[in-house]
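Single-structure report; data block below.
In my numbering, the protein residues as written are 4 to 489.
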């Protein structure tokens, strides 16, 4: 256990996240533990000064006191106290992290803040490097993403994006921590779809009352194609009738063992232009190890079936640092993707969440699976970037998660013109998202994302079925709390 003695206990959680980057998955306390990290803050003569001390080491960081709203002041304060702690840890350990002192989900936001403050791209890049100790390589990645997002980062002021969650999977992967259930005998599927159709109809009235139209629709999960074709057809029929005119529809077909010609034809008939067929890896040994329930050959079959029906916007997800995988295994997966040439590839860094079965296998039953080193994970991610960009894919969105292998990132690559609008709007938080289904969280933007309000649906499937009207009222309370983003 590590003890954090700080003058700013309101940042305790963020400081704990920073320390875990250097010390691993350890617990934190304000009152006990060893080593001890001691922090003092002073606000004198127009200067903010943070000082951190631990085990004979000390680091101080000063800046002119910032004036602004309480929210803005808190944000600037948090960044400085984290940066100061990071620089102390870097001094103590000699470790340099690719994202420096950043622990948040959306590092692109910091680049855009600098640009919106009047900096050009090169100046904004330098600012991110100097202010947060981000590596030049990662700063370049942010700039490449900003270039790909030009002209498509924001929807029109009268547009929203739609997410529909299907919380069922054929089996649960060992790394998964999402609120999805194994489909089992399927007894909850029809009642769930009925509740979802009601939520669609009631939400349609909200959007009409607001005078809003759909830009991009996304059906995710779970695994949407795990449910019977007829049920997925009902969902798409209702959603497209309620919210017509979208310029983009994505269905996360996901697991190839749930994809067949009947479902693909149904998606095509609905005008779904973008689908995901996700191998995660082309190592059958790894797929078995993580409980994926399909083979690499299944992925190739599903992909070829989709191509045969004319799908020309296919995404494929892969994961770096899966348990037991070597760099050579990952390179093989990249080689297969290079042959297939999907329009987009999303490269994930494995994030081992506490609620996943893999966390138990690696931490509780230590030794059950081997895990690649942080250096090995970084080599995988670097190779993916080098090989994909070398063949014409460009990074178009990025997000980070806690507990990621090597403190790395998830990056979506796409052929220019094939970036997913929903992914950009959701991850950059530049689009209001109406989210339907159990566990879905609607996010509503006000004043161009200066304020974001959330309306979560309950996670439990049966609770959702019984309380769907209440979920819509939660949305109404948020969406009508003031004027929508302009």
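Just so you know, even glycine gets a beta-carbon here, dropped at the ideal spot from N, CA and C.
Review point. Of the residues 113, 128, 68, 154, which one's Cα is nearest the Cα of residue 419?
Key: For the purposes of this step, residue 419 is taken as residue 416 along the chain shown, with counting starting at 1. Measuring from the Cα of residue 419, the nearest candidate turns out to be 154.
Exercise for review: Using a threshold of 8 angstroms, state whether the C-beta atoms of residue 307 and residue 277 are closer than that.
Suggested key: For the purposes of this step, residue 307 is taken as residue 304 along the chain shown, with counting starting at 1. For the purposes of this step, residue 277 is taken as residue 274 along the chain shown, with counting starting at 1. Cβ distance not < 8 angstroms, so residue 307 and residue 277 don't count as in contact.
Check your understanding: Would you call residue 50 buried or exposed, if buried means 16 or more other Cβ atoms sit within 10 Å of its Cβ?
Key -> Position 47 of the chain shown, counting from 1, holds the residue named residue 50. Per the 10 Å Cβ criterion, exposed.
Review point. Can the beta-carbon of residue 460 be found closer than 8 angstroms to that of residue 100?
Key: As a working mapping, residue 460 is identified with position 457 in the chain shown. As a working mapping, residue 100 is identified with position 97 in the chain shown. Contact flag unset, no.
Review point. What's the C-alpha gap between residue 4 and residue 393?
Key: By 1-based counting over the chain shown, the position of residue 4 is 1. By 1-based counting over the chain shown, the position of residue 393 is 390. For residue 4 and residue 393, the distance between alpha carbons rounds to 45 angstroms.
Point to revise | Residue nearest to residue 298 in terms of C-alpha spacing, selected from 310, 284, 309, 311 | key: On the chain shown, residue 298 is found 295 positions in, with the first residue counted as 1. Taking only the C-alpha atoms, the option nearest residue 298 is 284.
Exercise for review: Under 8 angstroms Cβ to Cβ from residue 378, same chain only, skipping five residues before and after it: list those, please.
Suggested key: Mapped onto the chain shown, residue 378 falls at position 375. 409.
Check your understanding: Is there contact here, the segment 101 to 108 with the segment 132 to 140, by at least three beta-carbon pairs under 8 angstroms?
Key -> yes
Point to revise | Own chain, CB closer than 7 angstroms to residue 232, minus 5 neighbours either side, in chain order | key: Here residue 232 corresponds to residue number 229 of the chain shown, with the count starting at 1. 265, 266, 269.
Check your understanding: Taking all protein chains shown into account, do 16 or more other C-beta atoms lie within 10 angstroms of the C-beta of residue 348, making it buried, or fewer, making it exposed?
Key -> Position 345 of the chain shown, counted from the first residue, corresponds to residue 348. Burial call: buried.
Point to revise | Neighbourhood of residue 12 by C-beta, 8 angstroms cutoff - its chain only, sequence neighbours within 5 removed | key: Reading the chain shown from its first residue, position 9 is the one you call residue 12. Only 33 meet the Cβ criterion.
**Study point:** Sequence-distant residues of the same chain with beta carbon closer than 8 angstroms to residue 280, five excluded per side
**Key:** Counting from 1 along the chain shown, the entry for residue 280 is found at position 277. Here the set comprises 256, 257, 259, 262, 302, 305, 306, 309, 317, 318, 319, 345.
Practice item. Look up residue 422 in the DSSP assignment and say whether it is helix, strand or coil. Key: On the chain shown, residue 422 is found 419 positions in, with the first residue counted as 1. Looking at residue 422 - three-state DSSP - the assignment turns out to be coil, as it is neither helix nor strand.
Point to revise | Cβ separation of residue 169 and residue 401, assumed to be a contact under 8 angstroms, to the nearest whole Å | key: Taking the chain shown and counting its residues from 1, one reaches residue 169 at position 166. Taking the chain shown and counting its residues from 1, one reaches residue 401 at position 398. The pair is not a contact, with the Cβ atoms about 25 angstroms apart (cut-off 8 angstroms).
Check your understanding: Is the Cβ-Cβ distance between residue 385 and residue 352 less than 8 angstroms?
Key -> Here residue 385 is taken as the residue at index 382 of the chain shown, counted from 1. Here residue 352 is taken as the residue at index 349 of the chain shown, counted from 1. Contact flag unset, no.
Exercise for review: Report the partner residues of residue 6 according to the DSSP bridge assignment.
Suggested key: Taking the chain shown and counting its residues from 1, the one referred to as residue 6 is at position 3. Answer by DSSP bridge pairing, in chain order: 32, 39.
Practice item. Verify the contact flag: residue 407, CB atom, against every heavy atom of the ligand FMN, threshold strictly below 7 angstroms. Key: Questions concerning the ligand FMN fall outside what the structure shown contains, since it holds no ligand whatsoever.
Point to revise | Other residues of its chain near residue 205: CB distance less than 6 angstroms, five sequence neighbours each side excluded | key: Sequence index remark: in the chain shown, residue 205 carries index 202 (1-based). The residues are 475.
**Study point:** residue 415 versus 433, 396, 407, residue with shortest Cα-Cα distance
**Key:** As a position in the chain shown, residue 415 is number 412, starting the count at 1. Per the Cα distances, 396.
Check your understanding: Between the Cα of residue 434 and the Cα atoms of 443, 26, 450, 421, which residue gives the shortest distance?
Key -> The residue given as residue 434 occupies position 431 in the chain shown. For the residues 443, 26, 450, 421, the minimum Cα distance to residue 434 belongs to 450.
**Study point:** Endpoints, beta strand (DSSP E) assigned at residue 456
**Key:** For the purposes of this step, residue 456 is identified with residue 453 of the chain shown, where counting begins at 1. Its beta strand (DSSP E) spans residues 454 to 459.
Review point. Residue 360 by DSSP, collapsed to three states: which one?
Key: Walking along the chain shown from the start, residue 360 turns up at place 357. The predicted model places residue 360 with a pLDDT of 48, which falls under 50 and marks its position as unreliable; any figure quoted below should be read in that light. Residue state, collapsed to three classes: helix.
Review point. So is residue 412 buried or exposed if we call it buried at 16+ other beta carbons inside 10 Å?
Key: The sequence position of residue 412 within the chain shown is 409, counting from 1. Per the 10 Å Cβ criterion, buried.
Point to revise | Distance between residue 203 and residue 219 (C-alpha atoms, nearest Å) | key: Numbered from its first residue, the chain shown carries residue 219 at position 216. Numbered from its first residue, the chain shown carries residue 203 at position 200. Approximately 15 angstroms between the Cα atoms of the pair.
Check your understanding: Nearest to residue 38 by alpha carbon, out of 45, 46, 55?
Key -> Stepping through the chain shown from its first residue, residue 38 is reached at position 35. Minimum Cα distance to residue 38 is reached at 55.
Review point. Where does residue 314 land, buried or exposed, given buried means 16+ other C-beta within 10 angstroms?
Key: By 1-based counting over the chain shown, the position of residue 314 is 311. The residue is buried, with at least 16 neighbouring Cβ atoms inside 10 Å.
Practice item. Take residue 363 and list the residues in its own chain whose beta-carbon comes closer than 7 angstroms to its own, dropping the five residues that flank it on each side. Key: As a position in the chain shown, residue 363 is number 360, starting the count at 1. With a pLDDT of only 48 at residue 363, under the threshold of 50, the placement of this residue in the model should not be trusted; the figure read from the coordinates follows. Taken in chain order, the list of residues that qualify is empty.
**Study point:** Runs of alpha helix (DSSP H) wholly within the segment 90 to 162 (minimum 4 residues, chain order)
**Key:** 111 to 119, 124 to 135, 139 to 152
Point to revise | Host beta strand (DSSP E) of residue 484 (start-end) | key: Counted from its first residue, the chain shown places residue 484 at position 481. Element bounds for residue 484: n/a, residue is neither H nor E.
Exercise for review: Give every residue of the same chain whose Cβ lies closer than 8 angstroms to the Cβ of residue 117, excluding the five residues on either side of it in the sequence, and list them in chain order.
Suggested key: Translated into the one-based positions of the chain shown, residue 117 becomes position 114. The residues are 126, 127, 130, 131.
Point to revise | Alpha-carbon to alpha-carbon, residue 31 and residue 62 | key: What you label residue 62 is simply residue 59 of the chain shown in a count that begins at 1. What you label residue 31 is simply residue 28 of the chain shown in a count that begins at 1. Between residue 62 and residue 31, the C-alpha separation is close to 21 angstroms.
Review point. Can you tell which of 216, 145, 66 has the C-alpha that lies nearest to the C-alpha of residue 437?
Key: Numbered from its first residue, the chain shown carries residue 437 at position 434. It is 216.
Review point. So residue 275 packs on residue 238, CB below 8 angstroms; how close in whole Å?
Key: On the chain shown, position 272 is the one that residue 275 refers to. On the chain shown, position 235 is the one that residue 238 refers to. Contact flag wrong, Cβ pair sits at about 12 angstroms.
Exercise for review: Determine the DSSP secondary structure at residue 14, reduced to helix, strand or coil.
Suggested key: Here residue 14 refers to the residue found at position 11 when the chain shown is read from its first residue. Three-state result, residue 14: helix.
Review point. Where are the beta strand (DSSP E) runs, 3 residues long or more, that stay fully inside the segment 204 to 280, in chain order?
Key: 216 to 224, 251 to 257, 277 to 280
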